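Numbering (our numbering), first residue to last: -19 to 297. What follows is a single structure, written as structure tokens, with notes after it.
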Amino acid sequence: MKEDQPPLHYLHNHRHQKRTTISAEIAAIYGSKLTKATALFLLLFLTYVLGYLFSSPSCHPFSQPITTTNRATSAPPNPLDEFKITTQCSPPLPSNLIRQTILDKVYNGTSPYANFPPAHVSNLLRPKRIKGWGSNGAVFENLISRIKPKTIIEVGTFLGASAIHMAQKAEAKGLKPQILCLDDFRGWPGFQHRFKDIKMVNGDVLLLYQFMQNVVYMNRTESIIAVPFSTGSGLEKLCEWGIVADLIEIDAGHDFNSAWADINRAYKILRPGGVLFGHDYFTAADNRGVRRAVNLFAKINGLKVKVDGQHWVIDSV
Ligand SMILES: C[S@@+](CC[C@H](N)C(=O)[O-])C[C@H]1O[C@@H](n2cnc3c(N)ncnc32)[C@H](O)[C@@H]1O
Ligand SMILES: *[C@@H]1O[C@H](CO)[C@@H](O)[C@H](O)[C@H]1NC(C)=O
Ligand SMILES: *[C@@H]1O[C@H](CO)[C@@H](O)[C@H](O)[C@H]1NC(C)=O
């Protein structure tokens, strides 16, 4: 997508050049016959018109249509508006249609657990290989008790530690939420140096399969299902399909930009009265940007950040 867009400086120069040459040509043709004042006026007028045309939103690949609120209130533009996620989500689906929607849209109508594991990896997987970070914190049980979620989205799943923990805590309370696990199941570059027992097959790190194997082992295939894509494209699609959740956990990329994008996208598909929460608000990873992203998001949206152990918690309004 980026390749299609000329760099900004090119557009600028191009626009500027065009404006001056055309104005100069017109001045050259008519200059001799008109009075100096008229020529000057004509020149200014044309410069204005051309400048307007070339900078109007329809000709400019980078600009967004100006919103009516900006125009009406004439408040100084907020530069953060440029970062807003403007996608319109579909009307929310009832929670009992969510699993089938994922099966249809992501898995062509067939459960990914059918005939699992496939023969070419079955001897490479461990029966159960679970490792997480703060994945059993009290925050999960606290929120499940309070919200009684029917749908949970986990953004960042890895081997499924926190997802399985949530399924167990919910069941213990007589709840059976559908848990969608959004992860590209690639880990991070070089993660296999710390997880040497997770095999690699022709560059595929087998995280999706080991996660599924863990879910199978723990008998949670009915409640836990992977949405194996990047958080950006995955959350965008969930919004487009009308999938909303009562509880959304953010635990994928921990740099500011990743956390910021995930939080903003996730908030769009949070049911009113639902809760957004995430890891690494109070750990060594703080400075990577999660806390800054959470605080900025809360500030801009007039929301309160609560802390539960290592996790941040934001209630929607
Ligand atoms: C810290 S781990 C999640 C741990 C899990 N919540 C737990 O407690 O057991 C982070 C995960 O986010 C995933 N991740 C990071 N950036 C991502 C992105 N942009 N899209 C999809 N997944 C991503 C990685 O693959 C990794 O599995
Ligand atoms: C998807 O499902 C349809 C209908 O069952 C089938 O014909 C098609 O081959 C499937 N596509 C893939 C990629 O499995
Ligand atoms: C899963 O279910 C099987 C059969 O119902 C049972 O033998 C096994 O102990 C269960 N495993 C877990 C981890 O609950």
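The C-beta atom is built at its ideal place from N, Cα and C for all residues, glycine as well. What you are looking at is a predicted structure, and each value in this text was computed from that prediction instead of being measured.
Item	Value
In chain order, what residues of the same chain lie with their CB nearer than 8 Å to the CB of Ile144, ignoring the 5 residues before and after it?	Ile110, Asn194, Val195, Met198, Arg200 and Ile204
For Gly269, list the residues DSSP reports as bridge partners.	Asp235
Hey, Ala225 and Thr81 are a contact pair by Cβ (cut 8 Å); roughly how many whole angstroms apart?	Wrong, their Cβ atoms sit about 13 Å apart, outside the cutoff.
DSSP three-state label for His(-8), please.	Residue placement at His(-8) is poorly supported in this model, since its pLDDT is 39, which falls under 50; the coordinates still yield a value, given next. In this structure, His(-8) counts as helix in the three-state DSSP scheme.
Ligand 1 heavy atoms versus the CB of Leu162: any closer than 8 Å?	yes
Restricting to Cα atoms, I'd like to know which of Ala241, Ile228 and Lys248 is closest to Trp221.	Lys248
If you draw a straight line from the C-alpha of Gln68 to the C-alpha of Val285, how long is it?	26 Å
Does the Cβ-Cβ distance between Ile127 and Val255 come in under 9 Å?	yes
Have a look at Met192 and Pro57 and give me their C-alpha separation to the nearest angstrom.	47 Å
Classify Gly170 as buried or exposed, calling it buried when 16 or more other Cβ atoms lie within 10 Å of its own Cβ.	exposed
If I follow the unbroken beta strand (DSSP E) through Trp292, where does it start and stop?	His291 to Asp295
Taking Cβ to Cβ, would you say Leu218 is nearer than 9 Å to Ile133?	yes
Would you say the beta carbon of Met192 comes nearer than 8 Å to a heavy atom of ligand 3?	no
How many Å lie between Gly154 and Glu202 at the Cα?	15 Å
For the segment 111 to 198, list the beta strand (DSSP E) runs that are entirely contained and at least 3 residues long, ordered along the chain.	131 to 135 and 158 to 162
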